[in-house]
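Protein chains: 2
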Amino acid sequence: MEILVIGGGVIGLSIGVELLLAGHDVRLLVRDKREGASWVAGGMLAPFSEGLRGDFLRFSVESLRLWHDYLERLKEISGRKVFFSQGILRVAFDEKEEKKLREDVKFYSQEVCQNLISYDAEELLKEFPYLSSEVRYGVIYGDEGNVDTEELMEALYVAFEKLGGEIINEDAVKILRNGERIEKVFGFFEEFTADYYVFATGAWLKEHFGFPVFPVKGQILRVEAPLKDYVVYSSRAYIIPREKDLLIGATTENAGFDTKTTLEGVKKLSEGAISSVPQLKEAQLLEVRVGFRPGTPDELPVFYFGENFSVYGGHYRNGILLAPATAEVALKLIDQGEVSEYFKTFSPYRFKE
Amino acid sequence: MEILVIGGGVIGLSIGVELLLAGHDVRLLVRDKREGASWVAGGMLAPFSEGLRGDFLRFSVESLRLWHDYLERLKEISGRKVFFSQGILRVAFDEKEEKKLREDVKFYSQEVCQNLISYDAEELLKEFPYLSSEVRYGVIYGDEGNVDTEELMEALYVAFEKLGGEIINEDAVKILRNGERIEKVFGFFEEFTADYYVFATGAWLKEHFGFPVFPVKGQILRVEAPLKDYVVYSSRAYIIPREKDLLIGATTENAGFDTKTTLEGVKKLSEGAISSVPQLKEAQLLEVRVGFRPGTPDELPVFYFGENFSVYGGHYRNGILLAPATAEVALKLIDQGEVSEYFKTFSPYRFKE
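Quick look at the structure:
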């Protein structure tokens, strides 16, 4: 089939790559490659550290389990390296957090995560002496990990084009829809028709479908620091050592599509980081970045399909983690007509009930 | 005379300009135009806000009184505009600061500063509603002011060259000294001789003369913010609205010539600024800058002269303020052989006593 993917973030690209591998002709419309949340995301694959539950946990864990093979295949196709670190150190700094984290550890170790090691304060500081002495409890979720999102996105673009996909720099200004069929997509310069349409426009999804997806602004610091160890995740900040730099995330702001960094954001993030890992005092600030998570009222994704189109959005804080499973859901629908149960779980109709 | 000035900061340039105006031939060696403290300085002309006393206060006030004419003449010669704002709002946020500031106000109003208005907390918040409600007491020192140091430095360079001065990009690697005479200055590429030598090498003064001048690292934030009013100066931060941006200064660090910005510095400055003027929360961070104040053990300058040379350094936090008076001292010595009393006040021999 001739397929048009609208959206050049991690979701659109992942789906595009799967469709190309299945033999389809794929064009991808992207307004501004760097605009979306994907490039700015921390890149944590962290359903346990995030404390997820229920169907969303199940979907997240399915996606987490795909990641290893997904990345190997992507590296093979693209010929690019993508930095990945295994394991996340989730820590608690106060009594309430400790209680919640102990519950999480109990819950996940029974259910879905065998590979974890928990530490009381003393052991934790012995094992990870760079942590603030205020730390009370911690756990290494060994199955979690972190991916360098910039390298990931570059590899996805390279893979997409190597597989014969076409990138078109265009804004999908308007879509012509007739009931459950898309007739045409109007770009700024051109019009586009295809046999099938995939929409993955992140925080901008509302424009075309009216689903309640809205931007949740996040600021993230990029610093230079010698720390090379696990990602440290707490309510104060998440601290992500990478090969050449370290990320400190992230604010959560209801500020529309305001691309400005703020002093308050920088203050909160630097406070959070230094109070978690005091040696970050000496880290050199390289950059402050802003991204827009595609949020929804219940913080769960929105999946939808019509006759010749489907929609994958609202991944909020977990777009990177959920890309492989989302691409699998899309591939099964588009290539084999198989409707995943997650179209029900993540149906936009839930917002009308 | 043929005069060689070593050092391209505000002190070296100011002296160079005066010497050119007096008819001398002046060459100026500068290793790296942007290296010194001058470009990064906040630009406050603030002897009262700084709480100065004694001979240093006298010298500072003399320099402050020169500033208006100094700037007018500089603008005329250079044809450049230099942003200047009149008056500094000095505020106190706790009891101890309030006590000290009330003493200062009493002292300065009797002695040297007629042009001041003091405010109790309530009046202060009525007059300056953008201040944090924690403010307890404040004063406008009307004779103080603030100069845009980047525009100042650019104007000084333009003026220096318009007056026929020659800028040479060279490092003064070594000087050949014979008792109280300088014989030669060895650059990296060339050697230099002159009838007279002026040394104004800021935080690097120790290299050639062994005087106890050392770098005091300062970080300063440059942000975009709508505030257009007085400079706000307190122990928490100084906040300097300029035409196109706003400066937030400054850390005081004993870190040698370490040019790195730090997360701790950014954190402290943003905390200080937001807790003084809460609306700065929304300010967009544009840049973090680092400079090296030329510090001395007693925080006073070092003036020295020999047969055919003189030295002006150690201006610490007040190099911009003190440039006109320092240039006047130098001009009188070099052009008229008149030895200012300040060579005694700021003699390096005081460190040997």
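From first to last, the protein sequence lines stand for chains A and B. Under numbering that gives the first Met the number 0, the first sequence has 84 at position 85, and the numbering climbs by one with no breaks. Under numbering that gives the first Met the number 0, the second sequence has 278 at position 279, and the numbering climbs by one with no breaks. Each residue gets a CB set at the ideal place from its N, CA and C atoms; glycine is no exception.
Between the C-alpha atoms of residue i and residue j, what's the straight-line distance to the nearest angstrom?
{"i": "A/Glu150", "j": "A/Gly78", "result": "12 Å"}
{"i": "A/Phe350", "j": "A/Glu340", "result": "18 Å"}
{"i": "A/Leu321", "j": "A/Asp93", "result": "30 Å"}
{"i": "B/Ser84", "j": "B/Val16", "result": "23 Å"}
{"i": "B/Gly313", "j": "B/Lys216", "result": "14 Å"}
{"i": "B/Gly271", "j": "B/Glu182", "result": "49 Å"}
{"i": "B/Ala329", "j": "B/His207", "result": "19 Å"}
{"i": "B/Leu20", "j": "B/Leu246", "result": "33 Å"}
{"i": "B/Thr250", "j": "A/Pro211", "result": "45 Å"}
{"i": "A/Phe304", "j": "A/Val310", "result": "6 Å"}
{"i": "B/Asp297", "j": "A/Lys125", "result": "44 Å"}
{"i": "A/Met152", "j": "B/Tyr237", "result": "42 Å"}
{"i": "A/Lys80", "j": "A/Phe127", "result": "28 Å"}
{"i": "A/Leu70", "j": "A/Ala154", "result": "10 Å"}
{"i": "A/Leu262", "j": "B/Ile139", "result": "26 Å"}
{"i": "A/Asn168", "j": "A/Arg316", "result": "26 Å"}
{"i": "B/Leu162", "j": "A/Gly41", "result": "55 Å"}
{"i": "A/Phe82", "j": "B/His67", "result": "58 Å"}
{"i": "B/Leu18", "j": "B/Asp103", "result": "37 Å"}
{"i": "A/Gln113", "j": "A/Arg72", "result": "25 Å"}
{"i": "B/Ile174", "j": "B/Lys205", "result": "12 Å"}
{"i": "A/Gly53", "j": "B/Ser234", "result": "51 Å"}
{"i": "B/Asp334", "j": "B/Tyr348", "result": "25 Å"}
{"i": "B/Asp244", "j": "A/Glu327", "result": "49 Å"}
{"i": "B/Ile76", "j": "B/Gly209", "result": "36 Å"}
Take residue i and list the residues in its own chain whose beta-carbon comes closer than 7 Å to its own, dropping the five residues that flank it on each side.
{"i": "B/Pro277", "result": "Ser131"}
{"i": "B/Lys32", "result": "Gly7"}
{"i": "A/Val60", "result": "Pro46, Val111"}
{"i": "B/Tyr338", "result": "Residue identity differs from the one stated: residue 338 of chain B is Val in this sequence, not Tyr. Within the same chain, B/Val338 has close Cβ partners Leu332."}
Using a threshold of 8 Å, state whether the C-beta atoms of residue i and residue j are closer than that.
{"i": "B/Tyr356", "j": "B/Ile87", "result": "Outside the shown range of chain B, which is 0 to 352, sits residue 356 of chain B, and nothing can be said about it."}
{"i": "B/Phe188", "j": "B/Leu27", "result": "no"}
{"i": "B/Asp176", "j": "B/Glu306", "result": "In the sequence as presented, Asp is not what sits at residue 176 of chain B; that position holds Arg. For B/Arg176 and B/Glu306, no; Cβs fall outside 8 Å."}
{"i": "B/Leu56", "j": "B/Pro323", "result": "no"}
{"i": "B/Leu355", "j": "B/Glu143", "result": "In the structure as shown, chain B begins at 0 and stops at 352. Residue 355 of chain B is therefore absent and cannot be evaluated."}
{"i": "B/Val29", "j": "B/Ile14", "result": "no"}
{"i": "B/Val25", "j": "B/Gly164", "result": "yes"}
{"i": "A/Val184", "j": "A/Tyr195", "result": "no"}
{"i": "A/Ala171", "j": "A/Glu1", "result": "no"}
My assumption, with CB atoms under 8 Å, is that residue i sits in contact with residue j. Please give the rounded CB distance.
{"i": "A/Leu12", "j": "A/Tyr156", "result": "7 Å"}
{"i": "A/Ser48", "j": "A/Arg89", "result": "4 Å"}
{"i": "B/Leu220", "j": "B/Val265", "result": "7 Å"}
{"i": "A/Thr260", "j": "B/Gln283", "result": "5 Å"}
{"i": "B/Leu115", "j": "B/Gly141", "result": "6 Å"}
{"i": "A/Leu268", "j": "A/Glu223", "result": "Contact doesn't hold; Cβ gap of about 15 Å is too wide."}
{"i": "B/Val289", "j": "B/Val39", "result": "7 Å"}
{"i": "B/Phe302", "j": "B/Phe342", "result": "5 Å"}
Using a Cβ-Cβ cutoff of less than 8 Å, which residues in the same chain neighbour residue i once the five nearest sequence positions on both sides are dropped?
{"i": "A/Phe291", "result": "Gly35, Ala36, Gly201, Ala202, Pro214, Val215, Lys216, Gly217, Phe256"}
{"i": "A/Glu242", "result": "Phe82, Asp147"}
{"i": "A/Tyr107", "result": "Phe47, Leu115, Tyr140"}
Please return the same chain residues whose Cβ sits closer than 6 Å to the Cβ of residue i, not counting the five positions on each side in sequence.
{"i": "A/Ala91", "result": "Glu97, Leu100, Arg135, Tyr136"}
{"i": "A/Glu252", "result": "Lys216"}
{"i": "A/Lys280", "result": "Ile273"}
{"i": "B/Phe198", "result": "Ile5, Val310"}
{"i": "A/Pro300", "result": "Gly313, His314, Phe345"}
{"i": "B/Lys227", "result": "Pro240"}
{"i": "A/Thr325", "result": "Ile10, Tyr311"}
{"i": "B/Ser62", "result": "Leu320, Leu321, Pro323, Ala324"}
Q: Jot down the residue ranges of each uninterrupted beta strand (DSSP E) in the stretch 223-309 of chain A, minimum 3 residues, whole runs only, in chain order.
A: Complete beta strand (DSSP E) runs here, min 3: 230-232, 237-240, 245-248, 283-294, 301-304.
(Q) So within the stretch 182-214 of chain A, which uninterrupted beta strand (DSSP E) runs reach at least 3 residues, ignoring any that extend past its ends? (A) Listed in chain order, they are 195-198.
Q.
Please give the ranges of any alpha helix (DSSP H) in the stretch 34-79 of chain A, keeping only runs that are unbroken, at least 4 residues long and fully inside the region.
A. 53-77, all fully within the stretch 34-79 of chain A.
Q. Where in the stretch 111-135 of chain A do unbroken runs of the alpha helix (DSSP H), each at least 4 residues long, occur, reported from the N-terminal end onward?
A. Listed in chain order, the complete alpha helix (DSSP H) runs (minimum 4 residues) inside the stretch 111-135 of chain A are 120-126.
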